[in-house]
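Student: Protein chains in written order, with our numbering: chain A, 1 to 220; chain B, 221 to 668; chain C, 669 to 873; chain D, 874 to 1260.
Each residue gets a CB set at the ideal place from its N, CA and C atoms; glycine is no exception.
Nothing here was measured: the structure is a model prediction, and the numbers come from that model.
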Amino acid sequence: MSTTGEEKKSAPAQPLFGKKERQLLSDPLDNNNPITVQVLGICSALAVTVQMEPAFYMSMGVIFVTMMSNLLISIMRNVIPSRVRIIVQLAVVSTFVIIVDQVLKAYAYEMSKQLSVFVGLIVTNCIIMGRLEAFAMANKPWPSLLDGIGNGLGYGAILMVVAFFRELIGSGSVYGYKVFDALGINYIGNGVMVIPAGAAIVIGLVIWAQRARNGMVESE
Amino acid sequence: MANLIRLKKGYDIKLVGEATKEIVATETPKTFALQPHEIRGLVPKLLVDVGTEVKCGTPLYFPKNQPDVFFTSPVSGEVVEIVRGDKRRILEVRILADGNLNHENFGAADPASLGRQGVKEKMLKSGMWTFLRQRPYNRVAETNIVPKNIFISGFDSAPLAPDLNFALKGRESHLQTGINALAVLTDGNVFLGLKHEADNSSFESLKNVTISNFDGPHPAGNVGIQIHHTAPINKGDAVWTMNIQDVANLGKLFVEGIYDPERIISITGSEIVNPVYTKLRVGASLENAVKNQLKPGKVRLISGNILFGSKVEETGYFGYFDQQLTAIPEGDEAEFFGWILPSEARPSISKTFLSYLTPNKKYRVNTNMHGEERPFVVTNEYEKVLPMDILPVQLLKACLAADLEAMEALGIFEVVEEDLSLCEFVCTSKQPVQNILSEGLTLIEKEG
Amino acid sequence: MESLFNIFIRAIFIDNMIFAYFLGMCSYLAVSKKVKTAIGLGAAVTFVLSITVPLNWLVYNYFLKAGAMSWTGITALATVDLSFIGLIIYISVIAAFVQLIEMIIEKFSPALYAALGIFLPLIAVNCSILGGVLFMVGRPYSLGDATAFGLGSGVGWFLAVVALAAIREKLKYSNVPAPLRGLGITFIIVGLMSFGFLSFMGFSI
Amino acid sequence: MKFLKDTMDKLRPTFSKGGKFQFLHSTFEAFDTFLFVPGHTTHGKVHVRDGIDMKRTMIVVVIAMIPALLFGMWNVGYQHFLSMDQTASHLDYFLHGLIQVLPIIIVSYGVGLGIEFAFCQIKGHAVNEGFLVTGMLIPLCLPPTTPLWMVALGTAFAVIIGKEIFGGSGMNLLNPALTARVFLFFAYPAYMSGEFLSDGTAVWFSGNRADIVDGFSGATTLSVVAGGGEAEYSVMNMFLGLEKGSIGETSVLAILIGAVILVVSGVGSWKIMASTFAGGLLMGGIFNWISGTPFLDMPAYQHLLIGGFAFGAVFMATDPVSAAQTERGKIIYGLLIGILTVLIRVGNPAYPEGMMMAILLMNVFAPLIDYFVVESNKKRRLKRATV
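What follows is the structure in structure tokens.
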């Protein structure tokens, strides 16, 4: 399912933000999006998209974890015995997740309550393990860091798009701001967008729109 | 002794134009033709050319993949034309009859004393082998195998079908010899399916055969249905079938040493002036048989019955496996609000027409589709007319999806196009059921 | 005090791992193409969930939560709160258990093992398992409740995956717009299915 | 008629390939085949086809729904006057209901057909007649107070998400009408459970729609029972349908007339209907046996008379596309619907519309039921081979 990560030994002297590096950041946003194209990390993505705010915090958490664990694993990649690499990866990821969890609890308690178990579940988010396996284990720290950020961003972007539609249609607001009220429209929130079914349908449509644009077709 | 199998599912389409039980002689036609494409997937290799003189039983061509099987001339005369279609595919081998009916002599013999190899050789050489059909796939029987069983249906339940008991009256000894010959070919049984509580006088004294009686509407007379209920085909099995009139002709081969592919057929249908029986040879031009017989107007002439037959012109040729001609009106008129009005009575298994109040009425049907093709939607109509433990819709969908594994598991080996013809008739979605199955069979025969 | 039956029903339908929380989606989408494999993985998930949830309940209540270790009688341990490292512990318990299951399946059903292939190790990182444990920790469940919840969650996941697999097998004959094929239409099906699973909303007997 | 046919034939080239209005080809064909069953003839080895076609099948279902529709119209008026403690002539009741219900039907058909035609046009398909039924079912299963824009939204959702993206009629997973109903139920629960008075601003229709429907809303029989069982309902009224509820679902009598039409014509599956009723009775009986709460004690047969049970069993569950498609599967499917309906109803008195949820849930599981039926057929064949 994962596609990149084959560019193992790149030339020694290379710019910090060459074309390749920019691609590492931008590809996961669109054509190689972890959720809609790589089909990774869908697990916990959708449960927190009723509103944009929690989705934003969630995205930040995931970006932090992908970035840091990609970096750390990449640094350690040559010393990890392949037999125990999954355990090591899990340990590294869990550590960062615990950091995120504790930070949220300390500085944004309400939000951490709202995200409930989903912060903890970042551990099992396939994006992270997927990128570690597919990229960080085979690449140098700097590209790995970028790849982590890129995929975190790609994940976050989808989360935010889905949350945008769900919040707008479901509650008539954008990031908590009641747009319809501001426009003087008496908007009746659509309850379907608030229940999980709404998330699945919206993301289905987002995938449709994206694939219709980039021409990707799954053979089944 | 004979066991009785009652079938509830099925449907008899009652039509006007049933043949009266008299055999009217018609003049032997001038031209004959064999049409290789009547057998699915058959690629012929010609043995004759334009100008070749042939006798009745002279080989004309053989299938590319079965070089020891000969299709032989049904008549004596001269090959006058090889009609070809796209990519030079051979459509017809035409023979001009000389009117004398000279036979090749294959020599009379008792099948039991000839042994399996001897019977086989005689059948192959004379062309009688080609009337042996092998299931699965309904192909020409393979020469190097021994079939599990051989099945013969003793009645035809199709609309307006000929009464085979009537057709075979007086041919009991040929029939018995034919059965004896078939019995030599298999280690299993020769099964004969008869219609329950009907006049079976031509068959009652037959020996060397296991008789089962079937009771129920069409397609009870289809040999495929009978196989399913007597000794079903499992994966890896091969069984053979033969039309009962051809069994009698097979007997004639052993009794008299000649190949004589003639059948008593019924000329039927609402557009036939005088529906009767007549004698017709395989591949015969129809012109004499239907001369002065077709009513005016747009008429479709069918070699075979309305559920399994080929559209032919008046100057066309009689099918290789058929035993009836049918003529019905073409139905190319659009019908105003035809889908909502009660409409004129027509046969239907649905009860949305008034016709269901008069179940015994006989109809004059036409060839209109009565609707447009749609995806499979309505359920349970195929099941009503297929008296087999087979899920027809699922099987057809597997064929459409080219899912070999599912096709096999759902029983494609047990059916041939003919068995699903009623499913196509009843289909609300107007699906080409037989074509779908046919493509499935072709695919699985090629891949499997 | 909820009855075990209600916890069970709620876990299957209302708090369904797939339809309410989208947990375990990766393997859910990957194995739901054929009913046979779906049944295999579904059974595995059910089994793992119904064992690891109570197992982790014991771990949490006797080792991790504040004051959990008072049973040891060691005063130094009596006030220790280890719940912050819970994540790592739970994951380890799950991983170890899955390893065991994998070995058992490999030994007794090579066919199933071959069919599930790479998905068995995935159970360890199947979010529904960890999710089940985390939900359990967050709720005031007794051991019995936790077992009912774990089993219910598993059954819910099982039903969801086999139903989707049957639907996708049926969908082979449909004519879905090309860009929607695969992931897109599957998500929409999941959405529509989740309507059905809301049947038991507010259910209690 | 000849003239009409000639006109259509003359127009055909304009809409065919190369014609000026080629892009409206599907639409033209839809109208043509609506007027005339085409003169296509058979071309395979089967030369005669059954007289039945999809249009005819669908129209039979629509006809079967007409008694429920007519009664529903009358009942809307009757309930209105009843709530205002007035009486009027039956004609008044009916006319009042007609004014109320007709716009809903028009919106449902208008939006649904519009989308359907558009999709067919884009994909170049023939327009399918499946919506004939859906377009009538949607109004029948909605409360008469439903604002028209909700009808439009629900219909659009059902047709696009519920059907078209699966490839159109015959491919859908859920019953489209039910999809619309459930979508609206979850989107706007207050409007759908009949507790909401339409406030006029949310309605397209002349602004004073609220006046028309005033008093109609309120407790349905189900909510009366649910609310504690001060049984102010009579079994006879339940059977006749003199009670509040969705437009077409109240009168068991009218629905049974439809059921007879469906069963006699063979268009609706009697197996599904019968097994659904049987399942409801079975579960109701079990609950009677347990006994304890008003709902548990409600006689089993009464479960079949309320909350759209009959309507669901006859018109919704029998949709051949979303139901189980194997014969054995249909019986299991129906039984489970009946059982689940009563179970859901009794398990959650605040959420008594168990019928539609049960059907929806079984729509989801119908392919699985079929799967097992098909597998058992395969196994039988395999077993036969090894014996």
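Which chain A residues are close to Phe1056 of chain D, counting only those with a beta carbon under 7 Å from its beta carbon?
Tutor: The contacting residues are Val192.
Student: From which residue to which residue does the beta strand (DSSP E) around Trp460 of chain B run?
Tutor: Start and end: Val459 to Thr461.
Student: On the three-state DSSP scale, how would you describe Arg483 of chain B?
Tutor: Residue state, collapsed to three classes: strand.
Student: Name the residue from D:Val1006, D:Val1246 and D:Phe967 whose alpha carbon lies nearest to the alpha carbon of Ile1205 of chain D.
Tutor: That would be D:Val1246, whose Cα lies nearest to the Cα of Ile1205 of chain D.
Student: Give the DSSP-derived three-state secondary structure of Asp639 of chain B in the structure shown.
Tutor: Asp639 of chain B falls in the helix class under three-state DSSP.
Student: Measuring CA to CA, which of B:Leu473, B:Val404, B:Ile548 and B:Pro367 is closest to Thr461 of chain B?
Tutor: It is B:Pro367.
Student: Run through chain C and tell me which residues come within less than 9 Å of Leu1208 of chain D, C-beta to C-beta.
Tutor: Within 9 Å Cβ-Cβ: nothing; Leu1208 of chain D doesn't reach chain C, min ~16 Å.
Student: Check whether the region 1007-1021 of chain D and the region 962-981 of chain D are in contact - that is, three or more C-beta pairs closer than 8 Å.
Tutor: Counting Cβ pairs under 8 Å, three or more are found: they touch.
Student: Taking Cβ-Cβ distances shorter than 7 Å, what residues in chain G pair up with Ala779 of chain C?
Tutor: The structure shown contains no chain G; its protein chains are A, B, C and D.
Student: Could I get the ranges of all uninterrupted alpha helix (DSSP H) runs contained in the region 669-744 of chain C, with 4 residues as the minimum, in chain order?
Tutor: Those alpha helix (DSSP H) runs which fall completely within the region 669-744 of chain C and span 4+ residues are 672-677, 693-699 and 703-727.
Student: State the beta-bridge partners of Arg1054 of chain D as determined by DSSP.
Tutor: Answer is none; Arg1054 of chain D lacks a bridge partner.
Student: So, helix, strand or coil for Ala1104 of chain D, using DSSP?
Tutor: Any reading at Ala1104 of chain D must be qualified, since the residue scores a pLDDT of 46, below 50, and its modelled position is unreliable; the value itself is stated next. Three-state DSSP puts Ala1104 of chain D in coil, outside helix and strand.
Student: If Pro81 of chain A sits next to Ser862 of chain C, beta carbons under 8 Å apart, how far is it from one beta carbon to the other, in whole angstroms?
Tutor: 43 Å between Cβ atoms; not a contact.
Student: Could you check which residue in B:Ala329, B:Thr246, B:Asp232 and B:Leu344 has the C-alpha nearest to that of Pro283 of chain B?
Tutor: Comparing Cα-Cα distances from Pro283 of chain B to each of B:Ala329, B:Thr246, B:Asp232 and B:Leu344, the minimum goes to B:Leu344.
Student: Nearer than 7 Å: is that true of the beta carbon of Thr1149 of chain D relative to any heavy atom of the ligand GDP?
Tutor: Looking for the ligand GDP in the displayed structure turns up nothing, as the structure carries no ligands at all.
Student: Can you list, in chain order, the residues of the region 802-835 of chain C whose Cβ is nearer than 7 Å to any Cβ on chain D?
Tutor: Answer in chain order: Val830, Ala831, Ala834 and Ile835.
Student: With a threshold of 8 Å, are at least 3 pairs of Cβ atoms found where one atom belongs to the region 616-626 of chain B and the other to the region 955-962 of chain D?
Tutor: Output reads no: the region 955-962 of chain D does not touch the region 616-626 of chain B.
Student: Does the beta-carbon of Leu753 of chain C have 16 or more other beta-carbons within 10 angstroms, so that it is buried, or is it exposed?
Tutor: The amino acid at residue 753 of chain C is misidentified as Leu; the sequence shows Ile. It counts as exposed.
Student: Which bits of chain C does Gly1040 of chain D rub up against, with CB to CB less than 7 Å?
Tutor: Near Gly1040 of chain D (Cβ distances below 7 Å), the residues of chain C are Ser842, Asn843 and Val844.
Student: Would you identify the three-state DSSP class for Asn442 of chain B, choosing helix, strand or coil?
Tutor: Three-state DSSP puts Asn442 of chain B in coil, outside helix and strand.
Student: What does the alpha-carbon distance come out to for the pair Thr1149 of chain D and Gly985 of chain D?
Tutor: Each residue's Cα considered, the two are about 29 Å apart.
Student: Is it the case that the Cβ atoms of Ile1232 of chain D and Asn1048 of chain D are separated by a distance below 8 Å?
Tutor: Contact: yes.
Student: Judging by CA-CA distance, which residue of B:Tyr540, B:Arg355 and B:Lys415 is the nearest neighbour of Pro256 of chain B?
Tutor: For the residues B:Tyr540, B:Arg355 and B:Lys415, the minimum Cα distance to Pro256 of chain B belongs to B:Tyr540.
Student: Name, going along the chain, the residues of the region 111-122 of chain A whose beta-carbon falls closer than 9 Å to a beta-carbon of chain D.
Tutor: Those would be none; no residue qualifies.
Student: If you draw a straight line from the alpha carbon of Met68 of chain A to that of Gly800 of chain C, how long is it in whole angstroms?
Tutor: Spanning the two alpha carbons is a distance of roughly 26 Å.
Student: For Glu7 of chain A, which residues from the same chain have a beta carbon less than 6 Å from its beta carbon, with the 5 sequence-adjacent residues on both sides left out?
Tutor: For Glu7 of chain A, the pLDDT reaches just 41, beneath the cut-off of 50, and the residue's location in the model is therefore unreliable, although a value from the coordinates is still provided. Same-chain partners within the cutoff: there are none.
Student: Measure how close the beta-carbons of Met804 of chain C and Val716 of chain C come, nearest whole angstrom, since I'm counting them as under 8 Å.
Tutor: Their Cβ separation, rounded to whole angstroms, is 14 Å, which puts Met804 of chain C and Val716 of chain C out of contact at 8 Å.
Student: Which value, in whole angstroms, describes the spacing of the CA atoms of Ala163 of chain A and Pro845 of chain C?
Tutor: Taking the straight line from one Cα to the other gives about 25 Å.
Student: On the premise that Val244 of chain B lies in contact with Tyr497 of chain B, defined as a C-beta separation below 8 Å, what is that separation, rounded to the nearest angstrom?
Tutor: Their Cβ separation, rounded to whole angstroms, is 7 Å, which keeps Tyr497 of chain B and Val244 of chain B in contact under 8 Å.
Student: Between the alpha carbons of Ile682 of chain C and Gly1153 of chain D, how many angstroms are there, rounded?
Tutor: Cα-Cα distance, rounded: 23 Å.
Student: What residues in the region 612-629 of chain B bring their beta carbon closer than 8 Å to a beta carbon of chain D?
Tutor: The residues in question are Val613, Gln614 and Ala629.
Student: Can you name the start and end residues of the alpha helix (DSSP H) that Gln658 of chain B belongs to?
Tutor: Sequence check: residue 658 of chain B is Ser here, not Gln. Counting along the chain, the alpha helix (DSSP H) containing Ser658 of chain B begins and ends at Val653 to Glu667.
Student: Give me the Cα-Cα distance between Ile759 of chain C and Leu606 of chain B, rounded to the nearest whole angstrom.
Tutor: Between Ile759 of chain C and Leu606 of chain B, the C-alpha separation is close to 56 Å.
Student: Taking Tyr281 of chain B as the reference, which of B:Leu266, B:Ala622 and B:Glu362 has the closest Cα?
Tutor: When each option's Cα is compared against that of Tyr281 of chain B, the closest is B:Leu266.
Student: For Leu531 of chain B, which residues of its own chain have a beta-carbon under 7 Å away from its beta-carbon, when the five flanking residues on both sides are left out?
Tutor: Just to set this straight, residue 531 of chain B is Lys in the shown sequence, not Leu. Closer than 7 Å at Cβ, skipping near neighbours: Arg520 and Ile522.
Student: Cβ closer than 7 Å: which chain D residues qualify as neighbours of Leu851 of chain C?
Tutor: Result: empty, since nearest Cβ-Cβ is about 13 Å, beyond 7 Å.
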